[in-house]
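Peer 1: Count along the sequence shown from 1, add 23, and you get the number used in this note's numbering.
Even for Gly, the Cβ is constructed at its ideal location relative to N, Cα and C.
Quantities reported herein were computed from a predicted structural model and do not represent experimental measurements.
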Amino acid sequence: NITVSKKQVSGQDPADDSDLGISLITSTNKNQVYVKEPIVYILKIISYKPIVNVMIDDIKATDAIIDAIGQPKQYDQILGGVRAHIIEKKYHVTPLVAGTINILPATVSGEIQGSPQANSQPSQRLGMFNHFFFNNPIQFNPFSLQSDKLSIKALAPPYADKQWLPLQNLQLSEEWSALDKVKVGDTIIRKIRMVAIGSFSSQLPTVKPFLQIPEVKLYVDKPVLTDNPALNNDAISGTKEESFSIVATKAGKITFPAIKISWWNLRTNKAEVATLPAKTIDFLPTVAINNPNTSIDYSVPVEPVINQVAAANNSIDTTVKYLIFGLLIIMASMLAFIVILLKKRNKPVVTSIEKHNNKPITNVQDLRDQIILYASKHWQASNITLNQLGTYLSNANYTYALDKYINLC
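1. Return the Cβ separation of Phe163 and Gly137 in integer angstroms, given the expectation that the two are a contact with Cβ distance under 8 angstroms.
2. Since Ile65 sits in a beta bridge, which residues does DSSP pair it with?
3. Can you list, in chain order, the residues of its chain whose CB lies under 6 angstroms from that of Asp305, leaving out five sequence neighbours each side?
4. Please state the DSSP three-state secondary structure of Val387.
5. With respect to the beta strand (DSSP E) encompassing Ser260, which residues constitute its N-terminal and C-terminal limits?
6. Go ahead and pull the three-state DSSP assignment for Asp86.
7. Which whole-angstrom value describes the C-beta separation of Val218 and Gln194, a residue pair presumed to lie in contact below a C-beta threshold of 8 angstroms?
8. Going by beta carbon distance, what residues of the same chain come within less than 8 angstroms of Leu409, once the five residues before and after it are set aside?
9. Quick one: is Thr49 buried, meaning 16 or more other Cβ sit within 10 Å of its Cβ, or exposed?
10. To the nearest angstrom, report how far apart Ser70 and Ile25 are at their CA atoms.
11. Classify Gly208 as helix, strand or coil using the three-state DSSP reduction.
12. Taking just the CA atoms, how far does Val247 sit from Ile92?
13. Kindly provide the ranges of any alpha helix (DSSP H) runs that are 4 or more residues long and lie completely inside the region 203-252, ordered along the chain.
14. Spatial neighbours of Ala419 within its chain, please: C-beta separation below 6 angstroms, excluding the five flanking residues on both sides.
15. Mapping DSSP to helix, strand and coil, what is Ile394?
16. Can you tell me whether DSSP reads Ser70 as helix, strand or coil?
17. Are there 16 or more other CB atoms within 10 angstroms of the CB of Asp209, so buried, or fewer, so exposed?
18. Report all residues from its chain with a CB closer than 7 angstroms to the CB of Ser196; omit the five preceding and five following residues, and keep chain order.
19. Under 7 angstroms Cβ to Cβ from Leu412, same chain only, skipping five residues before and after it: list those, please.
20. How big is the Cα-Cα spacing for Lys435 and Leu299?
21. Pull up the CB-CB distance for Trp286 and Leu190, whole angstroms please, since I reckon it's below 8 angstroms.
22. Can you tell me which residues form a DSSP beta bridge with Asp305?
23. Under 9 angstroms, do Lys214 and Ser266 count as touching if we go by C-beta distance?
24. Helix or strand or just coil, what does DSSP make of Asn399?
25. If you run the structure through DSSP and keep just helix, strand and coil, what is Asn418?
26. What would DSSP say about Leu412, mapped onto helix, strand or coil?
27. Closest to Ser46 by CA distance: which of Lys53, Gln55, Lys29 is it?
28. Locate the beta strand (DSSP E) running through Thr26, then write down its first and last residues.
29. Could you check the C-alpha separation between Gly133 and Asp80 for me, to the nearest Å?
30. Alpha carbon to alpha carbon, what distance is there between Lys59 and Leu188?
31. For the beta strand (DSSP E) containing Gln136, name the first residue and the last one.
32. Less than 9 angstroms separating the beta-carbons of Pro61 and Ser222?
33. Give me the Cα-Cα distance between Leu202 and Lys96, rounded to the nearest whole angstrom.
34. Ser68 and Asn52: beta carbons closer than 9 angstroms?
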C-alpha cells in the first residue's frame, strides 16, 4: 500500500495552511492468510497540528470477525523533519470463509487547529492587555477523513477438517487432583489447559469427547476463556481451561485415552498434533456393607441421605427415627427457620434436637454443632467434622449415597 499526497512546492512546510495538516493511513500486516487466521489491521491518524474531539468509527468487513486490540495509542514522531502527532488503533480481522475479504473504509472526524485570522480587528477595550489575549485568537475547524477500502485474500484449508486450526504454536497441559486411594463413587478433578498462539480462545476445540468413557460419569464446568495480544508481534494468544469432575461407576483399572488436537503450523506450513498421554487409574471398591446384596445405584433418584441412614440401622429405635426425620426438615427449611427466629424473638421455638440436647438452635452453626453432638452420643462418632461424618457412617456399615450426602453437607 502506498499513500499519494498533494503536490508540494519545494521547501513547503507540511503544517502550512495550504494543506489540511492531517492524514489517515491504514494497513495490514498480511494480505494473504488462511481461513480463521487473524491479521492485524492498523489505522494511523497523522497530524501536524493540534486536534481535539477525535472520533474513530470502528471498521467493518465482509465475512470476517473484527476485534479491537486494546485502546488507541498516541505518540510523537519526526516525519520529513517535522514533528507529527500520531494516534494509532489496531484491530484483529479473522476471515471466516475462503475468498476475497473486503475491509470497508475507516472514518475519522474531529477538530483541527486553524491559523489565526490575520485580517481580524480585535477590540481595544482591554488596552495594553488586548495584545496578549485577542491579537491571535486560536480557532479549531472540523474535519472528516475516510481511508481507502482494503482487501485481503483468505485461503481455504489445505485439508478437510471441521476442527481446522491455523496457529503459530499450541501447548496442552493437565492437572489431576484427589487421586490418592480413590474409590468408586469418589470425585476426582481433571483440568486441561490449552494455550494457542495465533487464535482466539473461543475458536479452540473442547476436549470433552476424549473423556466420555463408559466406566465413569462426567460433570463439566464452564470453560475459562482468556485472550491476550502479544506485545512483540500483535499475535493473539488464546487460553482455554476446561475442568471436569469424574466419578467412577465400577472398581478396577480405568484407562483414560490420549488427547490429540490437530493443528496447522503457520511457521512451518505443516500439520502437527498436540498430545496428552493416556492415563490409567486404579479405582478401589467401596467399603463392604452388612448386606452383600445391597448396592448404591447412581442412575436412579435416591431418598434423602438421613432417612436412608435411619432405615438401614435397625438398632435405632422409633424415637431416634423421628429425631432424624425432624433434622431433615430443619435442614431443608433452614433459611425460613432463621427468618422466623429473627421476626419472633419473643416466641421460642423448640425442636426435637433441642429437647434432646437442651440447647436452643438459633443459627446454622448451632445446627451443625447439634448434628455432631448427636452423632457423638448415638453413633459413637467422636472428634469428626460434618463432612467426615459420611465416611464414618460408611465404615460403620451404614448404607447411603455418598455423592448425595456430600451435596447435603
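Peer 2: According to the data block:
1. Walking along the sequence shown from the start, residue 163 turns up at place 140. Walking along the sequence shown from the start, residue 137 turns up at place 114. Rounded, the Cβ-Cβ distance is 7 angstroms, consistent with contact.
2. Here residue 65 refers to the residue found at position 42 when the sequence shown is read from its first residue. Looking at the DSSP output, Ile65 sits in a beta bridge with Ser50, Lys113.
3. Taking the sequence shown and counting its residues from 1, the one referred to as residue 305 is at position 282. Cβ within range, chain order: Lys276.
4. Looking up residue 387 in the sequence shown gives position 364. DSSP places Val387 in helix when its eight states are reduced to three.
5. As a position in the sequence shown, residue 260 is number 237, starting the count at 1. Where Ser260 is concerned, the enclosing beta strand (DSSP E) stretches over 259-271.
6. Counted from its first residue, the sequence shown places residue 86 at position 63. Three-state DSSP puts Asp86 in coil, outside helix and strand.
7. Counted from its first residue, the sequence shown places residue 218 at position 195. Counted from its first residue, the sequence shown places residue 194 at position 171. Between Gln194 and Val218 the Cβ distance is about 5 angstroms, and since that is below 8 angstroms, they are a contact.
8. Against the sequence shown, residue 409 aligns to sequence position 386. Residues Arg391, Ile394, Ile395, Cys432 of the same chain have their beta carbon placed closer than 8 angstroms to that of Leu409, with the five preceding and five following residues left out of the count.
9. Position 26 of the sequence shown holds residue 49. Looking at its Cβ environment, which holds 16 or more other Cβ atoms inside 10 Å, Thr49 is buried.
10. By one-based count along the sequence shown, residue 70 stands at place 47. By one-based count along the sequence shown, residue 25 stands at place 2. In this model, Ser70 and Ile25 are separated by some 18 angstroms (Cα to Cα).
11. For this step, residue 208 is matched to residue 185 along the sequence shown. The answer is coil: DSSP assigns Gly208 none of H, G, I, E or B.
12. If you number the sequence shown from 1, residue 92 lands on position 69. If you number the sequence shown from 1, residue 247 lands on position 224. Straight-line spacing of the CA atoms in Ile92 and Val247 works out to 20 angstroms.
13. For the region 203-252, whole alpha helix (DSSP H) runs of length 4 or above, ordered along the chain, are 231-234.
14. Translated into the one-based positions of the sequence shown, residue 419 becomes position 396. For Ala419, where only same-chain residues beyond five positions count, there are no Cβ hits under 6 angstroms.
15. Residue mapping note: residue 394 aligns to position 371 of the sequence shown, counting from 1. Three-state DSSP puts Ile394 in a helix.
16. The sequence position of residue 70 within the sequence shown is 47, counting from 1. Judged by DSSP in its simplified three-state form, Ser70 adopts strand.
17. Position 186 of the sequence shown, counted from the first residue, corresponds to residue 209. Answer is buried; the Cβ neighbour count reaches 16.
18. To locate residue 196, count along the sequence shown from 1; it is residue 173. Excluding sequence neighbours, Ser196 sits near Arg216.
19. The sequence position of residue 412 within the sequence shown is 389, counting from 1. Ala398, Ala404, listed in sequence order.
20. Since the first residue shown for the chain is 24 and the last is 432, residue 435 is missing from the structure and cannot be characterised.
21. As a working note, residue 286 is residue 263 in the sequence shown. As a working note, residue 190 is residue 167 in the sequence shown. Right, the Cβ-Cβ distance comes to about 5 angstroms (below 8 angstroms), so this counts as a contact.
22. Here residue 305 refers to the residue found at position 282 when the sequence shown is read from its first residue. In the DSSP output, where bridge partners are listed per residue, Asp305 has Lys276.
23. Here residue 214 corresponds to residue number 191 of the sequence shown, with the count starting at 1. Here residue 266 corresponds to residue number 243 of the sequence shown, with the count starting at 1. Yes. Within cutoff.
24. For this step, residue 399 is matched to residue 376 along the sequence shown. The question names Asn, but residue 399 in the sequence shown is Ser. Correct three-state label for Ser399: helix.
25. Counting from one through the sequence shown, the residue named residue 418 turns up at place 395. In the structure shown, Asn418 sits in a helix (DSSP, three-state: H, G or I).
26. Translated into positions along the sequence shown, residue 412 becomes position 389. Residue state, collapsed to three classes: helix.
27. Position 23 of the sequence shown, counted from the start, is the residue given in the question as residue 46. In terms of Cα proximity to Ser46, the closest of Lys53, Gln55, Lys29 is Lys29.
28. Taking the sequence shown and counting its residues from 1, the one referred to as residue 26 is at position 3. Counting along the chain, no beta strand (DSSP E) covers Thr26, and no H or E run does either.
29. For the purposes of this step, residue 133 is identified with residue 110 of the sequence shown, where counting begins at 1. For the purposes of this step, residue 80 is identified with residue 57 of the sequence shown, where counting begins at 1. Spanning the two alpha carbons is a distance of roughly 11 angstroms.
30. Against the sequence shown, residue 188 aligns to sequence position 165. Against the sequence shown, residue 59 aligns to sequence position 36. So the alpha carbons of these two residues sit roughly 7 angstroms apart.
31. Position 113 of the sequence shown, counting from 1, holds the residue named residue 136. For Gln136, the enclosing beta strand (DSSP E) begins and ends at 130-136.
32. Working through the sequence shown from its first residue, we reach residue 61 at position 38. Working through the sequence shown from its first residue, we reach residue 222 at position 199. Yes.
33. Position 179 of the sequence shown, counted from the start, is the residue given in the question as residue 202. Position 73 of the sequence shown, counted from the start, is the residue given in the question as residue 96. Leu202 and Lys96: Cα-Cα distance of roughly 49 angstroms.
34. The residue given as residue 68 occupies position 45 in the sequence shown. The residue given as residue 52 occupies position 29 in the sequence shown. Sequence inspection shows Ile at residue 68; the Ser mentioned does not correspond to that position. No.
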